[in-house]
Each structure stands twice: as structure tokens, then as C-alpha cells.
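Numbering (the numbering used here), first residue to last: 17 to 77.
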């Protein structure tokens, strides 16, 4: 992952109150060109409730 993409993902995460390391790990786990990853990050940034979808579901005890 290039530095520009990593910075964009960190900015996205911080702007939505999401742990940047979690979001970086998610992007790193998918094989896609950096240009596509930047586009995905831009789309996610425009989705209302994006940060809500990044929270893990509570475990049933």
C-alpha cells in the first residue's frame, strides 16, 4: 500500500471516528490497485452511517 493511499484511509477513518488500523487492515486484505482503493475510500466517505458499519457486532453470551 502506498503512502498516499494509507494517508487517505487514515483520514477517512479519523473523519468517521473509526479505528484507522482496522480500516487499513480491511483495505490491505483486499487485492486491488491503489487507484481503485482510493475510489472506494472516497465512496465510503460519502456514505452516511459509514462509521456505524465498522463497529463489530456484540457477541451473544
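Quick reminder that beta carbons are idealized off the backbone N, C-alpha and C, glycines included.
Whole angstroms is fine: what's the gap from residue 32's alpha carbon to residue 23's? Computed Cα separation, rounded: 14 Å.
Cα-Cα, which of 18, 26, 48 and 20 is closest to residue 61? Closest in alpha carbon position to residue 61, among 18, 26, 48 and 20, is 26.
Comparing alpha-carbon positions, which option in 19, 20 and 40 lies nearest residue 29? 40
Buried or exposed: where does residue 34 fall if 16 or more other Cβ atoms within 10 Å of its Cβ makes it buried? Residue 34 comes out buried.
Does DSSP classify residue 59 as helix, strand or coil? The three-state secondary structure of residue 59, taken from DSSP, is helix.
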